[in-house]
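**Q**
Protein chains in written order, with the working numbering: chain L, 1 to 89; chain Z, 1001 to 1358.
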């Protein structure tokens, strides 16, 4: 199963832990994370479900291309990292 | 007397010990931008709006005077299925006000231009469709931000009369608690627009509205192109000449005397610094017919201080003014603005200063 990791900076605001979830796309995987941790959703996605401007997601070391629907594919065993973009600093 | 400050780097509460002697007795959200605060006089709750650079806007509430906060859902736009790339998302929680006598009823003005209401202390929010669906909204635009925003919401005690200021979208009035709205900007003008659009209500840029609590027919408006006064609750507006400059962001209305108001002038829109870099407050005591620069104790030169639109507040009963700046200074006047004491010059840029009214 894909693993999802979050920037530790999020822990200033709420509980967040690395987790393994089912999913074939970034959207699938995050939806499962948000099901268990609904408060996390608005920290990563905006009102329309788009990736926040200053958040970036890497899948196996590559930044996702689809920041609107998060449709980038994730393979079995993928490493998904949700990070702060330095543009927001 | 207690003063709440929302700054670029957190929340502070300062309590008066004596003239010019205010001590910080509480902080929260250190390092995070606090865009707005509402110390709610109805139930003692303290609402704090955050604008986390990476993680979006957040809303927190404290029921113990700011010692601890819990998270509330922030106002948000419903998800749209069509043209999702252009669909709105809240960029900034810009103003928070009680929506009437019932504790827990709240208005929240936002960028990009949505007015949200809660009737359960912020646990849920609904977009005010009557304002959002105004046909003229397509002509609103951002002033200083990419999108238009609601920064001022004046609410009569019964909650029915509401006056909202939008940069840039005009002044909107409701008589039925937001069920219906009309725009009223007669007398205002916009020199930043083509001549044929100069008086279009939907493109006016009121920077801030303030009314006299003792006579709500008297509303003051610091506008992008000048300073305006209404004598009829916002129906019509009269342009006033405020020396040394009619440009600025902040305005405060005396709570009991409709003849008294203050603004904090800057040179003009393309040069946002104090005139001659001398910081002054402009005060009228005759309804705006004449103004005097006041500010004994303020910097007489070399000042780059700007007071944002929520950075000037007047205490409801004590003739005390608080003024906080983008340069991180907090000034207090205890004589209606004649003289000022510097409390601290070491803050981050201040977004809002609000006296506790509970």
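Where a beta carbon is used, it is the ideal one built from N, C-alpha and C, also for glycine. Only a predicted model underlies this, so the values are computations on that prediction, with no experimental measurement involved.
How would you label residue 1265 of chain Z, buried or exposed, when you count the other beta carbons within 10 angstroms and need 16 or more for buried?
**A** Position 265 of the second chain, counting from 1, holds the residue named residue 1265 of chain Z. Classification for residue 1265 of chain Z: buried.
**Q** Name the residue from Z/1046, Z/1005 and Z/1040 whose alpha carbon lies nearest to the alpha carbon of residue 1032 of chain Z.
**A** Walking along the second chain from the start, residue 1032 of chain Z turns up at place 32. Among Z/1046, Z/1005 and Z/1040, the Cα nearest to that of residue 1032 of chain Z is on Z/1005.
**Q** Say whether chain Z places a C-beta atom closer than 8 Å to the C-beta of residue 27 of chain L.
**A** The residue given as residue 27 of chain L occupies position 27 in the first chain. It does not: the Cβ of residue 27 of chain L has no partner Cβ on chain Z nearer than 8 Å.
**Q** Out of curiosity, what's the CA-to-CA distance linking residue 1185 of chain Z and residue 37 of chain L?
**A** If you number the second chain from 1, residue 1185 of chain Z lands on position 185. If you number the first chain from 1, residue 37 of chain L lands on position 37. Whole-angstrom Cα-Cα distance: 46 Å.
**Q** Taking the C-alpha atoms as reference points, what is the distance between residue 6 of chain L and residue 17 of chain L?
**A** Position 6 of the first chain holds residue 6 of chain L. Position 17 of the first chain holds residue 17 of chain L. If you take the alpha carbons of residue 6 of chain L and residue 17 of chain L, they lie about 7 Å apart.
**Q** Identify every residue that forms a DSSP beta bridge with residue 1215 of chain Z.
**A** Within the second chain, numbered from 1, the residue matching residue 1215 of chain Z stands at position 215. DSSP, once it has assigned bridges, lists Z/1212 as partnering residue 1215 of chain Z.
**Q** Considering just the uninterrupted stretch of the alpha helix (DSSP H) at residue 1161 of chain Z, what are its terminal residues?
**A** For this step, residue 1161 of chain Z is matched to residue 161 along the second chain. Where residue 1161 of chain Z is concerned, there is no enclosing alpha helix (DSSP H), given that its DSSP letter is neither H nor E.
**Q** If the cut is a Cβ gap below 8 Å, which residues of chain L does residue 1074 of chain Z touch?
**A** Start at 1 with the first residue of the second chain, and residue 1074 of chain Z comes out as number 74. Chain L residues near residue 1074 of chain Z: 42.
**Q** Could you check if residue 77 of chain L is buried or exposed, using at least 16 other CB atoms within 10 Å of its CB as the buried criterion?
**A** As a position in the first chain, residue 77 of chain L is number 77, starting the count at 1. Burial call: exposed.
**Q** I need the straight-line Cα distance from residue 1123 of chain Z to residue 39 of chain L, nearest angstrom please.
**A** Along the second chain, one-based indexing puts residue 1123 of chain Z at 123. Along the first chain, one-based indexing puts residue 39 of chain L at 39. Taking the straight line from one Cα to the other gives about 13 Å.
**Q** How far does the alpha helix (DSSP H) with residue 1130 of chain Z in it extend, from its first residue to its last?
**A** Walking along the second chain from the start, residue 1130 of chain Z turns up at place 130. Its alpha helix (DSSP H) spans residues 1129-1132.
**Q** Using a Cβ-Cβ distance under 8 Å, would residue 54 of chain L count as near chain Z?
**A** To locate residue 54 of chain L, count along the first chain from 1; it is residue 54. At least one chain Z Cβ lies under 8 Å of residue 54 of chain L.
**Q** Using a Cβ-Cβ cut-off of 8 Å, state whether residue 94 of chain L counts as contacting chain Z.
**A** The question about residue 94 of chain L has no answer here: the residues shown for chain L are numbered 1 through 89.
**Q** Could you tell me whether the Cβ atoms of residue 86 of chain L and residue 70 of chain L are closer together than 8 Å?
**A** Position 86 of the first chain holds residue 86 of chain L. Position 70 of the first chain holds residue 70 of chain L. No, they are not a contact pair.
**Q** Closest Cβ-Cβ distance between residue 1009 of chain Z and chain L: below 8 Å?
**A** Within the second chain, the letter at position 9 stands for residue 1009 of chain Z. Output row for residue 1009 of chain Z: interface = no.
**Q** What first and last residue would you give for the alpha helix (DSSP H) that runs through residue 44 of chain L?
**A** Within the first chain, residue 44 of chain L is the residue found at index 44, counting from 1. Here the alpha helix (DSSP H) through residue 44 of chain L covers 41-44.
**Q** Rounding to the nearest angstrom, what Cα-Cα distance links residue 64 of chain L and residue 72 of chain L in this structure?
**A** What you label residue 64 of chain L is simply residue 64 of the first chain in a count that begins at 1. What you label residue 72 of chain L is simply residue 72 of the first chain in a count that begins at 1. One C-alpha to the other measures close to 6 Å.
**Q** Assuming contact is defined by CB atoms lying nearer than 8 Å, are residue 1002 of chain Z and residue 1313 of chain Z in contact in what I supplied?
**A** One-based indexing of the second chain puts residue 1002 of chain Z at position 2. One-based indexing of the second chain puts residue 1313 of chain Z at position 313. For residue 1002 of chain Z and residue 1313 of chain Z, no; Cβs fall outside 8 Å.
**Q** With the cut-off set at 8 Å, would you say residue 1151 of chain Z and residue 1095 of chain Z are in Cβ contact?
**A** Position 151 of the second chain, counted from the start, is the residue given in the question as residue 1151 of chain Z. Position 95 of the second chain, counted from the start, is the residue given in the question as residue 1095 of chain Z. Yes, they are a contact pair.
**Q** Taking the straight line between their C-alpha atoms, what separation do you get for residue 1176 of chain Z and residue 1160 of chain Z?
**A** The residue you call residue 1176 of chain Z lines up with position 176 of the second chain. The residue you call residue 1160 of chain Z lines up with position 160 of the second chain. Their Cα atoms are separated by approximately 5 Å.
**Q** State the Cα-Cα distance for the pair residue 1133 of chain Z and residue 1113 of chain Z, rounded to the nearest angstrom.
**A** Taking the second chain and counting its residues from 1, one reaches residue 1133 of chain Z at position 133. Taking the second chain and counting its residues from 1, one reaches residue 1113 of chain Z at position 113. Cα to Cα, residue 1133 of chain Z sits roughly 11 Å from residue 1113 of chain Z.
**Q** Apart from the five residues on each side of it in sequence, which residues of its chain come closer than 7 Å, Cβ to Cβ, to residue 1217 of chain Z?
**A** In the second chain, the residue the question calls residue 1217 of chain Z occupies position 217. For residue 1217 of chain Z, where only same-chain residues beyond five positions count, the Cβ hits under 7 Å are 1231, 1232 and 1233.
**Q** Exposed or buried, what is residue 1051 of chain Z when buried is set at 16 or more other beta-carbons lying within 10 Å of its beta-carbon?
**A** By one-based count along the second chain, residue 1051 of chain Z stands at place 51. So residue 1051 of chain Z counts as buried.
**Q** Can you tell me which residues form a DSSP beta bridge with residue 1051 of chain Z?
**A** As a working note, residue 1051 of chain Z is residue 51 in the second chain. DSSP, once it has assigned bridges, lists Z/1057 as partnering residue 1051 of chain Z.
**Q** When the cut-off is 8 Å and only beta carbons count, does residue 1224 of chain Z lie next to chain L?
**A** For the purposes of this step, residue 1224 of chain Z is identified with residue 224 of the second chain, where counting begins at 1. No, because no Cβ of chain L sits closer than 8 Å to the Cβ of residue 1224 of chain Z.
**Q** What's the call for residue 1165 of chain Z, buried or exposed, on a 16-neighbour Cβ count within 10 Å?
**A** Position 165 of the second chain, counted from the start, is the residue given in the question as residue 1165 of chain Z. Buried: at least 16 other Cβ atoms inside 10 Å.
**Q** Does the Cβ-Cβ distance between residue 1187 of chain Z and residue 1237 of chain Z come in under 8 Å?
**A** Residue mapping note: residue 1187 of chain Z aligns to position 187 of the second chain, counting from 1. Residue mapping note: residue 1237 of chain Z aligns to position 237 of the second chain, counting from 1. Yes. Within cutoff.
**Q** Check for me: the alpha helix (DSSP H) holding residue 31 of chain L runs from which residue to which?
**A** As a first step, residue 31 of chain L is located in the first chain; it is residue number 31 there, counting from the start. From DSSP, the alpha helix (DSSP H) with residue 31 of chain L extends over 26-36.
**Q** Could you pull out every residue in the same chain whose Cβ sits closer than 7 Å to the Cβ of residue 1155 of chain Z, ignoring the five residues on either side in sequence?
**A** In the second chain, the residue the question calls residue 1155 of chain Z occupies position 155. Cβ neighbours of residue 1155 of chain Z beyond the five flanking positions: 1097, 1098, 1099, 1100, 1107 and 1162.
**Q** Can you grab the Cα-Cα spacing for the pair residue 1276 of chain Z / residue 1295 of chain Z, in whole Å?
**A** Sequence index remark: in the second chain, residue 1276 of chain Z carries index 276 (1-based). Sequence index remark: in the second chain, residue 1295 of chain Z carries index 295 (1-based). Straight-line Cα distance between these residues: approximately 14 Å.
**Q** So what's residue 1196 of chain Z in DSSP terms, helix, strand or just coil?
**A** Indexing the second chain from 1 puts residue 1196 of chain Z at position 196. Residue 1196 of chain Z falls in the helix class under three-state DSSP.
**Q** Tell me the DSSP secondary structure of residue 966 of chain Z in three-state form.
**A** Lying outside 1001 to 1358, the shown extent of chain Z, residue 966 of chain Z is not represented and no answer is given.
**Q** Leaving out five residues on either side along the sequence, give the residues of the same chain with a beta carbon under 7 Å from the beta carbon of residue 1279 of chain Z.
**A** On the second chain, position 279 is the one that residue 1279 of chain Z refers to. 1295, 1298, 1299, 1303 and 1305.
**Q** List the residues that DSSP assigns as beta-bridge partners of residue 1140 of chain Z.
**A** Start at 1 with the first residue of the second chain, and residue 1140 of chain Z comes out as number 140. Its beta-bridge partners do not exist; DSSP assigns none.
**Q** Hey, how far is the Cα of residue 1 of chain L from the Cα of residue 21 of chain L?
**A** The residue you call residue 1 of chain L lines up with position 1 of the first chain. The residue you call residue 21 of chain L lines up with position 21 of the first chain. Taking the straight line from one Cα to the other gives about 6 Å.
**Q** Taking Cβ positions only, does residue 13 of chain L come closer than 8 Å to chain Z?
**A** Indexing the first chain from 1 puts residue 13 of chain L at position 13. Taking Cβ atoms only, chain Z reaches closer than 8 Å to residue 13 of chain L, which makes this a yes.
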